[in-house]
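For reference, the structure is listed below as structure tokens.
Protein chains: 2
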Amino acid sequence: MRHAIALVILIATLPTWVFTQTSNYTQYVNPFIGTERMGHTYPGATVPFGAVQLSPDTDEQPHNIGGKYNPETYRYCAGYKYEDKEIVGFSHTHFSGTGHSDLGDFLIMPTVGELQLEPGKKGDPKSGFRSAFSHATEAAEPDYYKVRLDDENILAEMTTTTRVGFHQYSFGQGGDAHVVLDLMHGIYSYEGKNVWTYVRVVNDHTVVGFRQTNGWARTRTVYFAMEFSRQFEHYGFKEFAKQDYRGFWRKFDQYKDFPEMAGKQLRAYFDFGKLNAGDKVQVKFALSPVSTDGAMANLRSEIRDWDFERVRREGKQAWERELSRVGVTFDGRDDMTSFYTAMYHAMLSPTVYMDTDGRYKGIDQNVHSSVAQNRREGLSFTNYTTFSLWDTFRALHPLMNLIEPARNRDFVRSMMAHHDQSPEHMLPIWSHYGNENWCMIGYHSASVIADAIVTGNLTGAEAGAALDKMVETAHTGYYDGIAWYQKLGYVPEDKNSTSVSKTLEYAYDDWAIAQAARKLGRSAVYNEFSKRSENWRNLWDPSVRFMRPKDSSGNFLPKFDPLKTEGQGFIEGNAWNYSLFVPHDPEGLAEAHGGKMKFAARLDELFTMHLPDSFFAETEDITRDGIIGGYIHGNEPAHHVAYLYDWTDEPWKTQSRVRGILRQQYRAAPDGLGGNDDCGQMSAWYVFSSLGFYPVAPASGRFMLGSPSIKKAVLRLENGRRFTVETLNQSEKNVYVSRVTLDGRDLDRRYITYSEIMAGGSLAFYMSDKHL
Amino acid sequence: MRHAIALVILIATLPTWVFTQTSNYTQYVNPFIGTERMGHTYPGATVPFGAVQLSPDTDEQPHNIGGKYNPETYRYCAGYKYEDKEIVGFSHTHFSGTGHSDLGDFLIMPTVGELQLEPGKKGDPKSGFRSAFSHATEAAEPDYYKVRLDDENILAEMTTTTRVGFHQYSFGQGGDAHVVLDLMHGIYSYEGKNVWTYVRVVNDHTVVGFRQTNGWARTRTVYFAMEFSRQFEHYGFKEFAKQDYRGFWRKFDQYKDFPEMAGKQLRAYFDFGKLNAGDKVQVKFALSPVSTDGAMANLRSEIRDWDFERVRREGKQAWERELSRVGVTFDGRDDMTSFYTAMYHAMLSPTVYMDTDGRYKGIDQNVHSSVAQNRREGLSFTNYTTFSLWDTFRALHPLMNLIEPARNRDFVRSMMAHHDQSPEHMLPIWSHYGNENWCMIGYHSASVIADAIVTGNLTGAEAGAALDKMVETAHTGYYDGIAWYQKLGYVPEDKNSTSVSKTLEYAYDDWAIAQAARKLGRSAVYNEFSKRSENWRNLWDPSVRFMRPKDSSGNFLPKFDPLKTEGQGFIEGNAWNYSLFVPHDPEGLAEAHGGKMKFAARLDELFTMHLPDSFFAETEDITRDGIIGGYIHGNEPAHHVAYLYDWTDEPWKTQSRVRGILRQQYRAAPDGLGGNDDCGQMSAWYVFSSLGFYPVAPASGRFMLGSPSIKKAVLRLENGRRFTVETLNQSEKNVYVSRVTLDGRDLDRRYITYSEIMAGGSLAFYMSDKHL
């Protein structure tokens, strides 16, 4: 470890160009971080924003058992739990860090000996195709995962391209070799989730098919094409649920060496005969949102040969390119690991959702083409999916808008296409795989798009059209109390629950729309939405200094417990945390509290309060992890709160709180994340805060200053410029900022702007163990 | 009636060009023929080979009741039973004349008053949206159907274009008007048949969606786009089966005025508010095999306005053009009606299965384009579906090959595309809607394609490729005993049931392949399949003069009942009928019988035997309808049998039998068909036999002479020539042919050839009441 630190220090002193050439940031990524406890990350292989996330699943947990919700399901959101001892197989789609899932498509498992077509029971690997494994023979790095399947004595390795998973199974002992393709397997599964699956055997080494599910996404189909490096000698299917009636297929033995099968609960197997010790079976497994033909074309265009090591190397290079957008140094390797793993986690989603020819399935269930759109509208874009916007509008998208503005623009274009295809004529709320799942609240696409417009990354007719879509979304009366919100200025709890959270988030999103409108000179929109952005005031109860739910007659509901969430007008956050969600007007919020001092005292109270034990029993996804006093970092609503001291006379408390959160909530270990990573939002918080600034109100064009934990950082911007952040007198204890300079001149404010960063230059923090 | 007959006689004496201009053949079509008892035809509106068959359904009969097959289902194959008193609605897809179904997609029903979302109980129209109706206010003609819905006092009218159904509902009384769209309704439905349905409300008069089913077709999706002539004021959905879990849609009231819904059991409704008496609601309803976008494009390109009468007129003109390909005269209007209704029924399917842009879904579930294929292979074709080949290879396709060779060539091209997309690499057996349903036996695509090749309608590289596909199909070992057939020369009953029927049909199909190979100079294929075509001999038992099942050791099965079908080695026909199925070698068969006389005596025995009552109880779809002695005309295996006397010294018995069948098995009345029309096969038999010749062995290039029932006929051939058939001394009694001339010269054989017909000219039959 000492050696590694020395290397880091050496690199940090080299000129920047050397840094770029030799840095090898991928060495610091540890994909196991977050795989234990709350992080809900997966350790498997994927390229940046890749459509395939090829990762081990250690258990299958049904969503319901006997009609009741099974809380174990939640733990398995990413398919893999570090504490598990067995692997059931390797599936191709995983969300990173979510508190819900829908994926785990197409589980592959190699076996030796007698064919087994059931996954078997946890703790009893002999009961099915599951295998014991140990962390001692497991390794994960960007776009590469390996593990030894102990029961089968098979070394499983995997890497990917954007749309193709590449498996390599090396058989440690001879015997009858099989590969199982499980089309039933899924994360968050239950009876009836598989609407339909279809498999077609094209020839003795090629298979295609699809899986159609009704889950979080209501009408979702994923197509695949799969190629083996060896010819299989036999293959077959087993149906685990009888279909009532299906034509005259009974004239065949459909279950053995017959080239097509369809149904709701299927597993397929492929027999390779007797292999010798050392023999390999490789599998290329391509996905498509469009068709099996699309999947086959993706497979052929992305991996033409069987060179596993080249694909692995190219995947690593792709990660190296992405990670090098922000070059940092810390004094410790663990911090380097935390930082680059955060960068890695921030670059897993949104994921590419189109074939190599630009075609994708829209939420209208029609196939669209980004190429056609290009010709018609002068646009070309990569279509993405998996927009966990309630989480990611906060820091993930602002980070992308800063270090990957071109990609973020394509995120925005994907969101605009979603709107155009949306039956509700709305921008995405939480969308995945050609579906809107309506998870969580607000219309935070508005924040992401407004940020892109305000910062000049989305311009012209496209920006105007985007503004129209934001306005249309914000006028959708039947969505989550908007009709009431428009009528009363708040969502009334008796008409629409979690009304306070909704009102506060609408007010912020409305402000974001107003900022975009101002930038585009659309004064009517600006006026309307500036007015709406004040709506947070309508639920402010000065008597208790909390936001509180009102009924439709305008009265606060009498029963009120600011520690509770359920039934109190909030969702995934209590009044203590949510009442501070006025990111666009902290000054106004401070005034409402009775001034800066009272506001700071309230923040102090939040961070230092002692929560009763009963608190932790309340909700499924809040544990002691992620909590500091009453401040909940493990969930998103308060992610900006540590920065609110910047609007008081005690900005040093932002500095110490931020450093405290960085230290306490993120560790370079499997259990190192204090909450769900939520598609990179938790990680993006880490990246920004480590650098010393954070987007409290995206679309403001400002980043509030905190306390950087890095020694030095360079942002290699897409416009070719570089923005550096230096700390002087940095240490674990020196968390206070005594002076900040921008390009050598003292900065007399508590923020820097987007344009200052994009202009390139140098930001220096003078660190101290004492606050001013 | 006398007046009509006079008119016919008048027309018959006019020169041919006048005939073409003024004939008005559509007047003779009665779509009700076959709607009662066994015909299984539908009375609704459709254009020739149209993709939409918009027709009333008089009941819904589930395929299973309490896990047991419900025989009532069979009666409702076409959705409509003439004897019923109520209509449940109008759906858009119907097979004509089948003994099975899978369709009835998208039932529409207009109602007045209180909204009802259940079809209700038969006999109790008040119990649901069903309505009483009477034949007195009902009318059907080519591409037009109307009926008064008595309970609702609504006049329902419908017409179609190829891909669009056009409804016109005239409200006879004021009141709250609704239109119900039932996505659950179907013909041959059962729990679990609807895999998924999806609806999207595009605007206040436009709706799109799809229905995905698992039935006769395993993976079938039909897309629609629907436009109303009036804006609806409200709309909504009702789910009749709860989904376990479906994202966060619960945040909406999805059931009222919310623009999308998906699930397994849905009905939608559209409220038009209070309409006045006389107000109309029109609906244009387009189908697509590809997507809702495809359906919308079909709608827009086929009907641009709301001119119902123009669409109706154009549909009628399209029928007039098709029917005028064969101009005939009879002495009676009933015969005219029977003939043109047979022509009409012969031109209902195969149906167009592609969007106006040439795209369609193949059986590989990918979207293909006939246009792309055009560019690549120099081909352009219209893709068709609904190939009931076990039925239609006999007479329907030979009729098409004669009077519509271009269309028949596109049928062949559709079959070839099917092969290319088939996981089994087989030509279609019985295919519909992008699926192979594997119904019945044989590989009769080979007969259809060979007929096209032998007659010179499919040539060059295309013919060569088609031959390869036939050969590949006939070599598919896992299909219905083919591996055994190849090994033993017959299908052994202990290995594969209905083995005699399969062996006989394979042998015929093999002969057809050999004929195509000979035409194309492919001698190896010719030799192989000529040899295979002799395989019927392997199951001939000279001791009883029947075909009999053998086991795989080469022994005839000891138990044998030539009257029975079930378990005797046959399907849909007993040994009495099936043993005569050697259409390619009647001479050989006669020899096997011990010569022409014994063969003729066996035929006599068949036509005159007395069947025991127990016979009629045996199978569901054979009743006393369609039976003459032991000859079963109501099913297909013996359709050629009446013509077999042509290979004996008693051809006059062919003449009298054919006339007897024409008279007994076809009547111009709803109950006028003696068996399932089977996608036009029964009707094509009628057309050929009325003209005086029949294709006993398609791909022979020969039509065997029978006894024409027409007075005069003109075939207006696609090559611009005309072939006329005249009868002299024609009457009901004069069924015997004493002399035949071709272009004035005596014909000294019992057949005419395809090329003789295509060359134009004149065939004259001299009729007599005495045989030679």
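First to last, the sequence lines map onto chains A and B.
Quick note: the first sequence uses this note's numbering, first residue 1, plus one each step.
Quick note: the second sequence uses this note's numbering, first residue 1, plus one each step.
Note that CB positions come from ideal geometry on N, CA and C, so glycine has one too.
Predicted, not measured: the structure shown is a model, and the values here were computed from it.
Item                                                                                                                : Value
Residue-chain proximity (CYS439 (chain A), chain B), Cβ-Cβ < 8 Å                                                    : yes
Residue of B:THR213, B:ASN70, B:GLY192, B:PHE232 minimising C-alpha distance to ALA241 (chain B)                    : B:GLY192
GLY89 (chain A), DSSP secondary structure in three states                                                           : strand
Sub-8 Å separation of SER414 (chain A) and PHE381 (chain A) beta-carbons                                            : yes
Exposed unless 16 or more other CB atoms sit within 10 angstroms - verdict on ASP334 (chain B)                      : buried
Contact check, PHE556 (chain B) vs LYS550 (chain B), beta carbons under 8 Å                                         : yes
Against chain B: residues of the segment 249–268 of chain A by CB proximity under 7 Å                               : TRP249, LYS251, PHE252, PHE258, PRO259, GLU260, ALA262
Minimum Cβ-Cβ distance from GLN27 (chain B) to chain A less than 8 Å                                                : no
Same chain, Cβ closer than 8 Å to ARG545 (chain A), neighbours up to 5 away in sequence not counted                 : SER579, ALA592, HIS593, GLY594, LYS598, ARG602
MET226 (chain B) - partner residues in DSSP beta bridges                                                            : B:VAL207, B:PHE285
Proximal residues, the segment 294–310 of chain A versus chain B, C-beta separation under 8 Å                       : none
Per DSSP, the bridge partner or partners of TYR144 (chain A)                                                        : A:GLU141
Cα-Cα separation between TYR42 (chain B) and HIS94 (chain B), rounded to whole angstroms                            : 7 Å
Distance CB(THR26 (chain A))-CB(GLU141 (chain A)) smaller than 8 Å                                                  : yes
Alpha helix (DSSP H) segments (min. 4 residues) lying fully within the segment 337–400 of chain B                   : 370–377, 389–392
The segment 541–562 of chain A: positions lying closer than 9 Å to chain B by Cβ                                    : none
Interface partners of ASP480 (chain B) on chain A, CB under 7 Å                                                     : LYS251
Contact belief for TRP536 (chain A) with ALA507 (chain A) at Cβ below 8 Å, rounded distance in angstroms            : 4 Å
Amino acids of chain A, ordered along the chain, whose beta-carbon sits closer than 8 Å to that of GLY797 (chain B) : Past the boundaries of the shown model lies residue 797 (chain B); chain B is included only from 1 to 772, so the question cannot be answered.
From B:SER707, B:TYR666, B:THR162, B:HIS610, residue whose alpha carbon lies closest to that of PRO651 (chain B)    : B:SER707
CA nearest to the CA of VAL195 (chain A), picked from B:GLU239, B:GLU233, B:ALA262                                  : B:ALA262
CB contact flag (GLY675 (chain A), MET38 (chain A), <8 Å)                                                           : yes
Cβ contact (3+ pairs, closer than 8 Å) linking the segment 221–233 of chain B and the segment 280–293 of chain B    : yes
Neighbouring residues, chain A, relative to TRP576 (chain B) (Cβ below 8 Å)                                         : In chain order: nothing, as chain A lies at least about 25 Å away.
Any chain A beta carbon closer than 8 Å to SER291 (chain B)                                                         : yes
Under 8 Å between C-beta atoms of TYR631 (chain A) and ALA638 (chain A)                                             : yes
Selected residue, minimal CA-CA separation from THR159 (chain B), among B:ASN153, B:HIS167, B:GLU152                : B:HIS167
Short Cβ contact (8 Å threshold) for ALA517 (chain A) with LEU467 (chain A)                                         : yes
Proximity test, LEU580 (chain B) beta-carbon vs the ligand COA heavy atom, cut-off 7 Å                              : The model on display carries no ligand, and the ligand COA is accordingly not part of it.
For PRO586 (chain A), three-class secondary structure by DSSP                                                       : helix
THR503 (chain B) - DSSP class collapsed to helix/strand/coil                                                        : helix
THR221 (chain A) to VAL352 (chain A) span [Cα, whole Å]                                                             : 15 Å
Between the CA atoms of ASN366 (chain B) and VAL208 (chain A) - distance to the nearest angstrom                    : 11 Å
Integer-rounded CB distance, given that VAL199 (chain B) should sit under 8 Å from ALA268 (chain B)                 : 6 Å
Through-space distance from TYR751 (chain A) to THR741 (chain A), alpha-carbon basis                                : 11 Å
Residues near PRO789 (chain B) by beta carbon distance below 6 Å, same chain, minus five either side                : The shown model of chain B, from 1 to 772, leaves out residue 789 (chain B), and the question about it has no answer.
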